[in-house]
Amino acid sequence: MPLLAADQKVEQDGIRAAIYSRGGSLIYPPRHILIQAVFYLFELWVGRTLFSLRLAAPFFLVLPNPLLS
2 MPLLAADQKV EQDGIRAAIY SRGGSLIYPP RHILIQAVFY LFELWVGRTL FSLRLAAPFF
62 LVLPNPLLS
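Residue numbers (the numbering used here): 2 to 70.
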């Protein structure tokens, strides 16, 4: 079992070194990960907005148009 614990420690150190080498820390991730998260949330928001507009489009067609009357 001590060998398994040693292997796990080496793996954790390797992951930590990979995170540090990309300019981040364990508490604050690298900047590019934060930027990707912001873009992902923006894409979700845009997709939800477009989907809700598509669902609401038939209702807009039924409303009276003041320019036509």
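Don't be surprised by glycine CBs; every beta carbon is placed ideally from N, CA and C. The structure presented is a predicted model; accordingly, all values stated were derived computationally and were not measured.
Query	Result
Leaving out five residues on either side along the sequence, give the residues of the same chain with a beta carbon under 6 Å from the beta carbon of Arg-55.	none
Is Leu-68 helix, strand or coil by DSSP?	coil
Hey, how far is the Cα of Arg-49 from the Cα of Arg-32?	26 Å
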